[in-house]
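*Asks:* Start counting the sequence shown at 222; every next residue gets the next number (the numbering used here). Virtual Cβ for every residue (Gly too), placed ideally from N, Cα, C.
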Amino acid sequence: MAHAPTETDPDSHPDNRIGTRPPRTRAWRDGRVEAEGFDVADVSDHLQRERVTVWLDLCGPGQHDLRVIGDELGLDPVAVEDAVSSHERAKLDRYSGYLFLNVYVPVVINGALTMHEVSAFVTERALVTVRQDAGFDVDALLERWDDIPAIARADGTGPLTPLLLYGLLDLVVDRQLDAVQGLDDEADELEELVFDDRFPVREIQRRSFRLRKNLVMLRRVGLPMREILNTLLRRDLEFVSKELTPYFQDVYDHALHVGEWTEGLRDLVGNLLDTRIALQGNRLNEVMKKVTSWAAIIAVPTAVTGFYGQNVPYPGFSQGWGFYLSTVIMILCSIGLYLVFKIRDWL
């Protein structure tokens with residue numbers, strides 16, 4: 222499968238060798254693990270044997286790495302290019318003799334959403350997964366495959382790749398559900414901030430913008446999963462057997478839940494933002510009401526002192542009782558206004 226590098230071969234450079242992480246391999250025969258961790262060059266040897274299914278995982282491969290695998294499995298150059306290119310949309314393409322799958326695994330850490338792109342080539346007896354980075358947990362995928370009872374009961378009469386693909390899609394959708402749960406928790410924290418007495422406006426704006434951005438990203442990769450699973454369940458494709466239909470139908474239901482949950486969170490965030498604007502307006506009205514009330518209270522002493530500050534004779538002018546009278550008037554009027562405003566809940 223591999224060719225000897227030469228000095229003129231650009232792919233012979235150490236940075237261009239297969240993957241940024243070592244390739245992972247496994248072979249099943251009659252539903253049981255026959256070999257694991259063998260060299261990529263031995264993949265073709267295992268495929269030549271009857272009733273053997275092979276899995277190959279490549280992490281961060283280059284064009285040459287996938288071209289070698291593509292020549293061995295007869296993959297179309299367009300599909301190979303999509304597997305190497307990043308930021309491809311989530312999709313399922315049908316080619317002659319195999320399927321090409323591109324999905325995204327979201328991870329939410331401290332409110333930050335990160336997407337890990339995973340591609341897969343599904344042939345009759347081989348599954349090749351291509352990861353753009355090491356963010357996707359391959360060990361969890363192997364555990365998911367080991368927990369599928371149908372693999373252990375396989376007798377070699379049917380293809381094993383649909384079960385392997387089911388395990389991959391089931392793990393991806395479960396990770397998307399975990400991401401939605403993380404964003405739901407973030408929405409709960411945002412709700413607490415909105416109704417907090419401190420009302421941190423900048424923090425609310427920052428977190429609400431980040432949450433809406435994350436929901437848009439998750440919706441962009443979650444909605445196509447329904448189309449992918451719906452395509453696999455179509456009878457004309459003849460990829461999923463009747464025995465496996467309930468498995469894929471369960472993943473399809475979870476994918477629907479991801480979409481509905483995401484849409485619900487988007488509406489919730491929108492309502493929270495509307496509530497924030499309404500609360501901010503109410504708080505402004507409360508502040509203006511209190512400021513106006515205190516201004517009215519302060520206006521009374523100002524008016525009295527202004528009257529007695531005139532440089533013309535008036536009752537009590539240059540008399541001690543005039544000073545006491547004006548002081549009493551200011552105190553009584555101020556207390557009276559304060560009590561009136563307090564009773565009317567203006568203060």
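#1: Alpha carbon to alpha carbon, how far is E338 from R419?
#2: Please go through the same chain and pick out, in chain order, the residues whose beta-carbon is closer than 7 Å to the beta-carbon of L432, but skip the five residues on each side of it.
#3: So is A262 buried or exposed if we call it buried at 16+ other beta carbons inside 10 Å?
#4: Residue range of the beta strand (DSSP E) that I330 falls in?
#5: DSSP three-state call for D232: helix, strand or coil?
#6: So, R396 versus V301, is the Cβ gap smaller than 9 Å?
#7: Indicate whether L439 and L389 have their beta-carbon atoms separated by less than 9 Å.
#8: Beta strand (DSSP E) containing R310: first to last residue?
#9: If we call anything under 9 Å between Cβ atoms a contact, is Y473 one with N451?
#10: Report all residues from its chain with a CB closer than 6 Å to the CB of S340; omit the five preceding and five following residues, and keep chain order.
#11: Using the three-state DSSP reduction, which class does L385 fall into: helix, strand or coil?
#12: Below 8 Å, can you find three or more Cβ-Cβ pairs linking the stretch 264-277 to the stretch 303-319?
#13: If we call anything under 9 Å between Cβ atoms a contact, is F562 one with A517?
#14: Which of helix, strand or coil does DSSP assign to W249?
#15: Give the secondary structure of L294 by DSSP, where H, G and I count as helix, E and B as strand, and everything else as coil.
#16: How would you label Y545, buried or exposed, when you count the other beta carbons within 10 angstroms and need 16 or more for buried?
#17: Which residue from S462, P243, T344 puts its Cα closest to that of D260?
#18: So, helix, strand or coil for P244, using DSSP?
#19: Can you list, in chain order, the residues of its chain whose CB lies under 6 Å from that of R428, leaving out five sequence neighbours each side?
#20: Taking only the alpha-carbon atoms, compute the straight-line gap between E481 and T335 and give it to the nearest angstrom.
#21: What three-state label does DSSP hand E464 in the structure shown?
#22: Have a look at H285 and Q426 and give me their C-alpha separation to the nearest angstrom.
#23: Go through its chain and collect everything with a Cβ distance to T496's Cβ below 7 Å, but skip five positions before and after it.
#24: The beta strand (DSSP E) with D278 in it runs from where to where?
#25: Mapping the DSSP letters down to three states, classify R455 as helix, strand or coil.
#26: With DSSP as the reference, identify every bridge partner of M336, one or two as the case may be.
#27: Among F342, I564, F469, A333, which has the Cα closest to the Cα of P298?
#28: Rounded to whole angstroms, what is the Cα-Cα separation between Q353 and G502?
*Replies:* Inspection of the coordinates gives the following:
#1: The straight-line gap from Cα to Cα measures roughly 40 Å.
#2: Sequence-distant partners of L432 (beyond 5 residues in either direction) whose C-beta falls short of 7 Å from its own C-beta, in its chain, are L404, E407, A408, L411, V490.
#3: Of the residues assessed, A262 falls on the exposed side of the cut-off, its CB having fewer than 16 other CB atoms within 10 angstroms.
#4: In the DSSP annotation of this structure, the continuous segment of the beta strand (DSSP E) that includes I330 starts and ends at 319-330.
#5: Only weak support exists for where D232 lies, its pLDDT of 39 falling under 50; the value from the coordinates is given anyway. Under the three-state reduction of DSSP output, D232 falls in the helix class.
#6: Not in contact: R396 and V301 (Cβ atoms no closer than 9 Å).
#7: Cβ distance not < 9 Å, so L439 and L389 don't count as in contact.
#8: Annotation: R310 is outside any beta strand (DSSP E) and is labelled neither H nor E by DSSP.
#9: Taking 9 Å as the Cβ cut-off, Y473 and N451 qualify as a contacting pair.
#10: Cβ neighbours of S340 beyond the five flanking positions: A304, N323, V351.
#11: Here L385 sits in helix by DSSP.
#12: The stretch 264-277 makes no contact with the stretch 303-319; the number of CB pairs closer than 8 Å stays below 3.
#13: Yes, these two residues count as a Cβ contact at 9 Å.
#14: Note: W249 maps to strand in three-state DSSP.
#15: L294: helix per DSSP, three-state reduction.
#16: That one is exposed.
#17: Considering only alpha carbons, the answer is P243.
#18: Reduced to three states, the DSSP call for P244 is strand.
#19: Excluding sequence positions up to five before and after R428, its CB lies within less than 6 Å of the CB of L411, all in the same chain and listed in chain order.
#20: Distance between the alpha carbons of E481 and T335 is about 21 Å.
#21: If DSSP states are grouped into helix, strand and coil, E464 belongs with coil.
#22: Those two C-alpha atoms are separated by around 46 Å.
#23: Cβ within range, chain order: V415.
#24: Run containing D278: 273-280, per the beta strand (DSSP E) assignment.
#25: Assignment of R455 by DSSP, reduced to helix, strand and coil, places it in the coil class.
#26: Beta-bridge pairing links M336 to P327.
#27: Of the candidates F342, I564, F469, A333, the one whose C-alpha sits nearest the C-alpha of P298 is F342.
#28: Approximately 47 Å, taken between the alpha carbons.
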